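Colleague:
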Amino acid sequence: MSFVPELEEILGTSLITDPDITASYSKDQAPFAPFTPAAAVLLARSSEEISKALVFCSERKIPVVTRGAGSGLSGGANADSQSLIVSLEKMNQILEIDPANQLARVQAGVINLDLDIAVKEFGMAYLPDPASRDWSTLGGNVATNAGGMCCVKYGVTSHHVRALTVVLSSGEIIEVGKSTKKFVTTLDLMHLFIGSEGTLGIITEITLNLVPRPNSPATLIATFPNIVLAAAASTELLKYRPSMLEILDQTTLNAVEQWHPLGLEVAGSILLMQLDENFELGDAAITTCESLGMIDGMFSTEASDTADLIRVRKLAYPALERLGATLLDDVAVPVAKIAEFVERVEALAVKHDLIIGIFGHAGDGNMHPTIVHDHGDIEGEKRAKLAFSEIVRIAQSLGGTASGEHGIGIIKRNLVSGETSQTIIDIQRGVKKLLDPSGILNPGKKLP
Ligand SMILES: Cc1cc2nc3c(=O)[nH]c(=O)nc-3n(C[C@H](O)[C@H](O)[C@H](O)COP(=O)(O)OP(=O)(O)OC[C@H]3O[C@@H](n4cnc5c(N)ncnc54)[C@H](O)[C@@H]3O)c2cc1C
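The numbering of the sequence shown is this note's numbering, which starts it at 2 and goes up by one.
(1) Taking 8 Å as the cut-off, is the CB of tyrosine 127 close to at least one heavy atom of ligand 1?
(2) Return the residue from the list Ile95, Pro449 and Glu266 that minimises the CA-CA distance to threonine 424.
(3) DSSP puts methionine 92 in a beta bridge; with which residues?
(4) Any heavy atom of ligand 1 inside 8 Å of the beta-carbon of aspartate 437?
(5) For the beta strand (DSSP E) holding valine 111, just list the boundary residues, first then last.
(6) To the nearest whole angstrom, what separates the beta carbons of tyrosine 241 and leucine 282, a pair I think is in contact under 8 Å?
(7) In the segment 15-75, which residue ranges form an unbroken beta strand (DSSP E) of at least 3 residues, counting only runs that do not cross its ends?
(8) Taking C-beta to C-beta, are leucine 89 and glycine 69 nearer than 9 Å?
(9) Give the single residue among Val346, Ala34, Asp81 and Phe184 whose Cα lies nearest to the Cα of leucine 73.
(10) Where aspartate 250 and isoleucine 359 are concerned, what is the direct C-alpha to C-alpha distance, given to the nearest angstrom?
(11) Output the distance between the C-alpha atoms of leucine 435 and glycine 172, rounded to the nearest integer angstrom.
(12) Please find out if some non-hydrogen atom of ligand 1 comes closer than 8 Å to the beta-carbon of methionine 150.
(13) Bridge partners of glutamate 344, per DSSP?
(14) To the nearest angstrom, how far is the alpha carbon of alanine 223 from that of alanine 396?
(15) Kindly indicate which three-state DSSP category leucine 293 falls into: helix, strand or coil?
(16) For the segment 138-147 against the segment 174-187, are there 3 or more C-beta pairs whose distance is under 8 Å?
(17) What did DSSP end up calling asparagine 142 once you bin it into helix, strand or coil?
(18) Which residue marks the beginning of the alpha helix (DSSP H) containing methionine 191, and which one marks its end?
(19) Check the DSSP bridge columns for proline 213 and list the partner residues they point to.
(20) Under three-state DSSP, which class holds arginine 323?
(21) I'd like the span of the alpha helix (DSSP H) that includes leucine 436, first residue to last.
(22) Taking its Cβ as the centre, do 16 or more other Cβ atoms sit within 10 Å of proline 213, making it buried, or is it exposed?
(23) If we call anything under 9 Å between Cβ atoms a contact, is leucine 272 one with isoleucine 248?
(24) For alanine 333, which of helix, strand or coil comes out of DSSP?
(25) If you reduce the DSSP assignment to three classes, tell me which class valine 417 lands in.
(26) Alpha carbon to alpha carbon, how far is leucine 1 from methionine 191?
(27) With contact counted as at least three CB pairs below 8 Å, one residue from each stretch, are the segment 159-167 and the segment 251-261 in contact?
(28) Could you please give me the residues that DSSP links to phenylalanine 360 through a beta bridge?
(29) Taking the alpha-carbon positions, what's the threonine 302 to leucine 246 distance?
(30) With burial defined as no fewer than 16 other Cβ atoms inside 10 Å of the residue's Cβ, what is the status of glycine 377: buried or exposed?
(31) Hey, could you find the ends of the beta strand (DSSP E) alanine 164 is sitting in?
(32) Return the Cβ separation of phenylalanine 389 and leucine 328 in integer angstroms, given the expectation that the two are a contact with Cβ distance under 8 Å.
(33) Let's test the definition: count the other Cβ atoms within 10 Å of the Cβ of lysine 338 and tell me whether it reaches 16, buried, or not, exposed.
(34) Taking its Cβ as the centre, do 16 or more other Cβ atoms sit within 10 Å of alanine 285, making it buried, or is it exposed?
(35) Sorry if obvious, but does the Cβ on valine 1 come closer than 8 Å to a heavy atom of ligand 1?
(36) How close, in whole Å, do the beta carbons of valine 452 and glycine 325 come, if the pair is a contact with beta carbons under 8 Å?
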């Protein structure tokens with residue numbers, strides 16, 4: 002007997018149960034993560050409503066999957082037929098913008114870019130900028146500790162969060178962190194929830210840092226004969242405090258050229274760097290690149306040039322997608338190991354007879370090798386999945402990690418132990434048991 006009528010009675014609201022609609026809420030953007038349509042979807046309106054739902058689900062051991070926008074790339078928001086999905090999409094109010102205290106308080110379903118647009122009129126910015134910022138939610142960003150291009154200078158989402166309201170699986174509503182800029186009174190429980198991917202509690206409200214809006218950036222582009230030289234140059238460029246530092250390999254550049262010719266076919270690799278202050282350092286940065294094997298380069302403070310130069314990075318993933326079915330990997334390595342990482346991934350592409358385009362955030366070693374295989378080619382898909390895991394193992398062998406920003410979700414759970422001790426795994430299980438004793442919150446995700 003379905004739990005739906007009883008829960009609807011308790012909440013005094015209808016749940017979505019139409020399978021065509023629940024199916025669309027039951028998966029994120031990860032191409033090979035399993036899912037089945039959930040039993041029901043709750044479009045939550047308040048922390049109190051979520052609290053009632055979690056009390057009910059805890060008592061009956063009904064799995065609960067929290068959903069922001071479903072832009073995730075790890076299967077973290079995927080459901081099964083037993084689950085209740087709690088969607089935060091209706092909790093999309095910006096509750097407070099306080100320029101004097103440089104903070105904003107939002108409901109978790111607010112879209113990242115909507116907040117940045119709203120604070121612009123106060124001369125402020127919300128900096129974390131995942132490429133999905135025009136549709137991913139701040140709750141999802143916090144739950145995955147999302148990154149983006151500006152992280153090289155400004156850090157990831159966790160560096161911009163001051164406080165959270167969280168509903169625990171017991172139904173209790175707690176506040177962790179503080180709206181003040183500094184806070185060391187309790188253990189830092191807030192950071193336990195950041196990046197917890199829906200496994201420890203449902204985040205319903207967030208207090209975030211705002212900063213005075215940075216200048217429009219100036220942009221440098223530098224072409225190199227190969228990605229090894231470009232990667233070496235990228236570590237040298239960090240001394241200019243870039244607000245963005247991206248790298249693309251030749252496979253990716255070729256894919257872009259085939260689609261939108263930008264005249265970059267001579268390059269084996271390119272670096273794109275932005276500065277949002279100290280523009281006078283642009284010439285020195287070009288000189289640095291020249292001394293490290295640059296073929297050609299330019300630095301421009303013109304907004305129109307910036308838009309043109311950045312285009313190649315924006316086209317990277319869609320250009321690879323045009324070549325076939327893609328698996329987008331996400332690993333982080335020490336920046337000084339990028340070149341070695343790339344060489345080993347290139348060898349992997351040859352070994353498995355696959356196209357692997359490599360691009361990513363060179364400034365923080367967060368690379369996105371993208372594996373391409375022919376649509377419908379079952380053998381190719383198997384080789385691609387194998388390569389996906391092997392890329393993680395290469396990163397781990399270099400002192401890197403399975404995920405820099407997309408999260409573990411379902412698709413990388415079996416890879417976590419490759420870099421984590423049994424003691425750490427046990428501590429995580431203990432935390433999970435304490436906060437979610439009935440194990441209803443996003444079971445089968447994140448924690449090995
Ligand atoms: C085109 C594209 C570009 C992307 N670019 C980037 C990028 O540059 N950087 C980056 O880091 N990621 C990127 N991503 C991945 C994705 O957008 C991020 O992981 C994002 O933070 C997910 O937000 P969401 O609202 O879509 O969350 P969802 O996908 O709905 O959920 C993600 C995870 O968080 C949990 N969750 C969501 N909301 C809450 C909540 N309120 N409380 C508790 N748990 C919650 C879910 O259960 C799930 O485990 C990209 C994705 C796409 C499709």
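All residues carry an ideal CB built from backbone N, CA and C; glycine is no exception.
Just so we're clear, the structure is a prediction, and the values are computed from it rather than from any experiment.
Modeller: The relevant details are as follows:
(1) no
(2) Pro449
(3) Bridge partners of methionine 92: none, in fact.
(4) no
(5) That residue, valine 111, is in no beta strand (DSSP E); it is neither H nor E in DSSP.
(6) 5 Å
(7) 41-44 and 65-68
(8) yes
(9) The sequence given here has glycine at residue 73, not leucine. It is Ala34.
(10) 5 Å
(11) 14 Å
(12) yes
(13) In DSSP, glutamate 344 forms no bridge with anything.
(14) 26 Å
(15) coil
(16) no
(17) helix
(18) 191-194
(19) Met125
(20) coil
(21) 423-436
(22) exposed
(23) yes
(24) strand
(25) helix
(26) Outside the displayed range of the chain (2 to 449) lies residue 1, so it cannot be described from this structure.
(27) no
(28) Leu249
(29) 16 Å
(30) exposed
(31) 162-168
(32) 5 Å
(33) buried
(34) exposed
(35) Outside the shown range of the chain, which is 2 to 449, sits residue 1, and nothing can be said about it.
(36) The structure shown does not extend to residue 452, since the chain is modelled only from 2 to 449, so the question has no answer here.
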